[in-house]
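In the working numbering, the protein residues as written are 17 to 259. Notes to accompany the following structure.
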């Protein structure tokens with residue numbers, strides 16, 4: 017599928033790597049990985065009604081009760097999810113991220129549920145609290161094959177093209193705005209967690225190799241060291257990174 021090589025997410029991710037590089041003199045790999053993983057999130061207002069997120073989820077699902085009858089509904093402290101009765105979670109490693117800005121969540125969520133039900137997406141989840149809907153990866157769909165995930169991602173990008181994007185950093189942009197992107201879990205671990213850990217270690221190694229280097233040089237050297245295993249321009253999950 018077409019990949020945005022100079023898309024908004026690529027630029028935002030490059031900026032986040034640069035900011036993380038500036039922290040290498042003070043922070044270790046764990047802190048750098050956390051910084052990269054959380055990049056792109058926004059803060060929830062302290063007075064946000066804690067019931068708000070689940071009200072939105074229930075409202076979005078209501079018109080699709082018939083289609084969703086074939087799914088098991090799950091609720092945890094931080095996520096609301098649906099998984100088809102016949103789905104094998106072990107093979108659902110191809111991820112589609114949907115990341116509207118928080119004010120656009122109500123409209124986006126209704127469309128995402130409609131598309132997921134129509135296309136028979138085997139599993140997806142949505143942030144179940146205010147913090148979850150302010151994080152960048154607030155909606156995640158899981159597919160068993162890359163080609164099928166690409167089809168779903170493109171359908172969602174078309175459906176959501178008129179909505180403002182927040183965007184998931186360290187994922188492969190689909191469509192023009194960055195509201196939809198792709199990832200792939202590795203060895204049972206979150207795609208972005210694995211990627212952000214790899215970036216953090218590379219940044220720390222680059223700083224250790226040249227303590228006097230500029231932040232820009234540290235970022236450049238770190239990304240160059242990862243280029244054999246990752247697409248460090250688009251972050252699309254075509255290459256592999258060791259778990």
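In this text, a Cβ means the ideal position worked out from N, Cα and C, and glycines have one as well. Given the structure is predicted, the values throughout are model-derived calculations rather than measurements.
Query, Result
"Close Cβ partners of residue 56 (< 7 Å) along its chain, the five nearest in sequence each way excluded", "28, 152, 182, 183, 184 and 185"
"Continuous beta strand (DSSP E) assignments of at least 3 residues falling wholly in the segment 175-213", "188-190 and 196-200"
"Residue 52 versus residue 187 - alpha carbon distance", "12 Å"
"Alpha carbon of residue 26 to alpha carbon of residue 104, nearest angstrom", "32 Å"
"Buried versus exposed, by CB contacts within 10 Å (16 or more), residue 258", "With a pLDDT of 48 at residue 258, under the threshold of 50, the predicted position of this residue should be treated as unreliable, though the coordinate-derived value follows. With fewer than 16 other Cβ atoms within 10 Å, it is exposed."
"Where residue 259 falls: helix, strand or coil (DSSP)", "With a pLDDT of 43 at residue 259, under the threshold of 50, the modelled position of this residue cannot be trusted; read the value that follows with caution. Of the three classes helix, strand and coil, the one that applies to residue 259 here is coil, per DSSP."
"Residue 241: first and last residue of the uninterrupted alpha helix (DSSP H) it sits in", "231-242"
"Of the residues 121, 149, 131 and 116, the one placed nearest residue 66, counting alpha carbons only", "149"
"Same chain only: Cβ atoms within 8 Å of residue 232, ignoring 5 sequence neighbours per side", "34 and 37"
"Buried/exposed call for residue 223, threshold 16 Cβ in 10 Å", "buried"
"N-terminal and C-terminal residue of the alpha helix (DSSP H) that residue 247 is part of", "Counting along the chain, residue 247 falls outside any alpha helix (DSSP H), and DSSP gives it neither H nor E."
"Rounded distance between the beta-carbons of residue 125 and residue 72, thought under 8 Å", "6 Å"
"Rounded separation between residue 218 and residue 80 - CA only", "45 Å"
"Bridge partners - residue 73, DSSP secondary structure assignment", "Residue 73 pairs with nothing; no bridge assigned."
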